[in-house]
Structures are given as structure tokens and as C-alpha cells.
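The block underneath contains the structure these notes are about, expressed in C-alpha cells.
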Amino acid sequence: MLGRLGRLVPPSLRCLTYSTNHTAAGNPSRRSAWRWSAVVGTSLMAGVGGGLLVYQPTAEDLRAAYLTPVRLGRDVYTAATTVIDYKLSLGSLTGAAREVALRECHQRGANRLLALCFANGGVYTKLGQHIGQLDHLLPEEYVLTMREHLLDRCPVSPPEEVRRTFEQDLGAPPEKHFAYFSPEPIASASLAQVHEARDHTGRRLAVKVQHAGLRESCAADVATISALVAAVRWIFPDFDYGWLVDEIKENLPRELDFRHEASNAERCRANLQRSAQHGAWHAGRVHVPQIDYRTSSNRILTMEFIDGVGVTDTTALARLGLSRREVMMLVAETFNEMIFAHGYVHCDPHAANMLVRKVVSGAPENAFGRSGYRVR
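Residue numbers (the working numbering): -10 to 365.
What follows is the structure, given as C-alpha cells:
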């Protein structure tokens, strides 16, 4: 019967049945091979087990190990279906018919990419947000789809993950550090979400907490995206967007360390204050939130809470009685100074990162939600 079973087992697994079909005593070479197999197998099992005991992987490590192949599968499926769609839909079309078919393909591809960004989150959401700001560089179907759905609509980390991040980075849960901490975020972005809190003096704070697992999946995600972009370029030579991946590779490690953001905010504030002392036009009208270093880490950034409206929210600006032209001039003059006078620039100036509020004088004040990286 065992012999018949051996013939039914797939060839790749038949080695598992041989030691029962043939006695080791009757075949010295097989006995030796069996012993070596047992030794090697036992050694590998002991090594893996010992490694796990010594290394003691965290929940984030195990989560990344599980999710990486799942995310890779989504990537490959999305890329393959999109490439096939372009190939089959365009075919030998020319002229106006090709233009119509191309725009339809762009929209279907944008919808697939959006679904992938929502499913994988993190780096993918960041990539989608970046695409949403690249007017005139990428097809408008991709730009508009990403902008509409990803600018202010990002996945939210559950309270238990936020609590775990506090315990790992600051040694205690949020309620030990603040008099009040909102369990639900007031905003969520690609890499982090923001909670409202109050310290023990009653001061309102905005607490930015990084989404769990980003560090563990970051390298694999970037490598996968890079490989897929290269593969698509090989199929479509005109698809030359490797520079997008290069930007993410360069900036993402620093964006994942909130200490860099805190340092950038301090330097930005110092530069603007120094200019204000010399009579700059924006004097007293640009505010960079103060950082609370006692409750900050590389994954948690606590700063003063700023009330305001979005710089592109024309309805809210009108309700406050603020001139759109004056707001535009304030933003333009501030960035001109950062570029031409300081050489150190807020490099992520989309609408969600700049708030406008009305100060006592009635003039608009621009508040930077975060400080980007320097451009020299």
C-alpha cells in the first residue's frame, strides 16, 4: 500500500515516502543519506527556533511578513491588468479614435491605482497624493482621480495601534501624557493621523501619530514599486516615471522620522522671525506651530493646535471676510522669501498643509501645518 501511495504522491514530495518504502538497514547509502537529512533538518529547525527565541519578532514584524506577499500580489495584479488593458484597448487605433480610447484607458488605470492605494496604504497613499499634484506632467485622469480621493481621505489607524505606538516610543499610553486625548483622529494622511489633545495646563495640542507598520513595510514597498515601474517602462518605452520612485526613495526615510520635521519647523520659524525683524512684508502674519518635545518621538509629533480654514477653501475665506487676493499674496511672498532669501523651503505646500485664520488686525495669517525639506 505504501508503494502505491508513493506513486500517487507528486514527484516533489515523494522523498517523504522513501524511508518507509525501503529499510535503511538494507541500503547503507540510503541510511547515510537519511541520517544526514535528519541532522540537517533538525539543525535547520533548531536554528530557526533559536533565532526566533533570540530575535523575538514584534507584532509589527510578523504583520509585515504576512502583508508583504499580499501587497505584492495586489501590485502585480494591478500592473498586469492595466498593461493588458492599454495593449488590448489601443491596438492599432489611430487619430481621434485612439485619443478617446487612451483617455478611457487612463481613467480605468487611475481607478485601479486608486483602489491599490486604498488597499495598501502608507507609501502607496503617499505616491497617489504626489501624483495628484503633478498637473501637466501626468495624464489628467490620474491627477484628478488621486487629488479628489486621496488628499483628505486616508485610512485611519485603530485606537489600539495608536496606544501601542505611545507605549513603545514614550513608555506609557496617551492618557498618561495628556489630560485629554481624543481616541478618534481629526485628520488622517498617508503616513500619519492627527489627534486633538490637551496638556495638564489646558493648552490645546495636535498630536501626529505615525501609522503602524510603515517602517517595516517601507523598503519592500518602495522596491516593489520601483520594479513595477521599470517593468512597465520596458513594455511601454514612453512610460518614463522612474523619477517619481527616486523622489520617494530620497525623501521617505526622513519623512518617517518626525524628529526631522520638528527640526525643520524650528528652522523655518527662526528664518521667518529673523526676516520679520528686518521689516519683511509677512511680519506677524505667518505662524509655525510650536513643538512639544516632551511628548514627541520619531513616530509621534506633538505641537500647538491651530484653528483655521484651508487655504483653497474660498467659501470659508469669504465667511471670514478675507480677501482671496491678499491670502494669495501672503503665500506667494512667504514662499518667495524662503526660496530666494533663506534657501530652505517648505516642500509640501498642498492645501491640507496650510491653514488661514483671521488675526486681531483683521488681516489673514498663514499657519504651516508642517515644514518640508530644504532646497538649496
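All residues carry an ideal CB built from backbone N, CA and C; glycine is no exception.
Please read these numbers as outputs of a predicted model, since none were measured by experiment.
Nearest CA to the CA of residue i: which residue from the options?
i      : options                        : result
Ala181 : Arg187, Cys106, His200         : His200
Asp331 : Leu344, Arg142, Ala265         : Sequence inspection shows His at residue 331; the Asp mentioned does not correspond to that position. Among Leu344, Arg142, Ala265, the Cα nearest to that of His331 belongs to Ala265.
Asp296 : Leu194, Thr57, Trp270, Leu133  : Leu194
Glu236 : Ser215, Arg274, Tyr131         : Ser215
Pro242 : Phe170, Ile224, Arg288         : Arg288
Thr67  : Glu137, Arg101, Phe247, Leu123 : Arg101
Pro147 : Lys165, Asp158, Pro174         : Pro174
Ile224 : Arg346, Cys143, Val72, Pro353  : Val72
Arg63  : Gly191, Thr213, Leu309, Glu185 : Thr213
Pro58  : Asp158, Tyr75, His125, Asp210  : Asp210
Thr190 : Val196, Arg204, Ala168         : Ala168
Val300 : Arg204, Met318, Arg142         : Met318
Thr154 : Leu77, Gly268, Thr284          : Thr284
Leu123 : Leu233, Arg308, Ala272, Tyr282 : Leu233
Ala254 : Ile280, Arg263, Lys238, Leu309 : Ile280
Leu203 : His184, Gly110, Arg192         : Gly110
Val183 : Pro144, Lys165, Ala208         : Pro144
Lys347 : Val112, Val89, Gly273          : Gly273
Thr323 : Thr303, Pro353, Arg248         : Pro353
Glu239 : Phe329, Val112, Glu88          : Val112
Val320 : His271, Gly310, Tyr282, Arg308 : His271
Ser252 : His267, Tyr282, Pro226         : Tyr282
Rounded to whole angstroms, how far is the Cβ of residue i from the Cβ of residue j, which I believe are closer than 8 angstroms?
i      : j      : result
Glu244 : Leu290 : Not really, about 11 angstroms apart at Cβ, beyond 8 angstroms.
Ser206 : Thr114 : Not quite, the Cβ-Cβ distance comes to about 12 angstroms (not below 8 angstroms), so this is no contact.
Arg314 : Leu306 : The pair is not a contact, with the Cβ atoms about 10 angstroms apart (cut-off 8 angstroms).
Val345 : Val316 : 6 angstroms
Val196 : Ala208 : That belief does not hold up - the Cβ atoms of Val196 and Ala208 are roughly 27 angstroms apart, past 8 angstroms.
Ala269 : Glu326 : 6 angstroms
Apart from the five residues just before and just after residue i, which ones in its own chain have a Cβ nearer than 8 angstroms to its Cβ?
i      : result
Gln96  : Glu130, Thr134
Leu139 : Leu103, Cys106, Thr114, Gly117, Gln118, Gly121, Ser179
Asp158 : Ser286, Asn287, Arg288, Ile289
Ser26  : For Ser26, the pLDDT reaches just 45, beneath the cut-off of 50, and the residue's location in the model is therefore unreliable, although a value from the coordinates is still provided. Nothing meets the Cβ criterion.
Glu156 : Pro162
Glu93  : Ser78
Asp74  : Cys94, Arg97, Gly98
Asp50  : Confidence is the limiting factor: at Asp50 the pLDDT is only 48, short of 50, which leaves the residue's position unreliable and the question unanswerable from this model.
Arg248 : Ser285, Ser286, Asn287
According to DSSP, simplified to helix, strand and coil, what is residue i?
i      : result
His276 : strand
Ile224 : helix
Arg152 : helix
Val289 : According to the sequence shown, residue 289 is Ile rather than Val. In the structure shown, Ile289 sits in a strand (DSSP, three-state: E or B).
Arg136 : helix
Gly117 : helix
Leu127 : coil
Val145 : coil
Gly268 : coil
Pro338 : coil
Val345 : strand
Val300 : coil
With a threshold of 6 angstroms on Cβ separation, who are the neighbours of residue i within its own chain once the five nearest residues in sequence on each side are excluded?
i      : result
Pro338 : none
Val151 : Val198
Leu261 : Val275
Pro172 : Pro148
Pro128 : His95
Glu293 : Pro278, Gln279
Arg136 : Gly121
Phe228 : Val221, Arg222
Arg60  : Asn109
Arg263 : none
Asp302 : none
Ile328 : Val334
Residues in its own chain within less than 7 angstroms of residue i by CB, not counting five upstream and five downstream?
i      : result
Tyr230 : Val218
Leu91  : Leu79
Tyr7   : At Tyr7, the pLDDT of 32 sits below 50, so the modelled position is not reliable; the number obtained from the coordinates is stated separately. The answer is none, since no qualifying residue turns up.
Leu82  : Ala90
Arg87  : Leu79
Glu164 : Phe170
Asp246 : Asn287
task: For the stretch 155 to 219, list the beta strand (DSSP E) runs that are entirely contained and at least 3 residues long, ordered along the chain.
output: 181 to 187, 193 to 199
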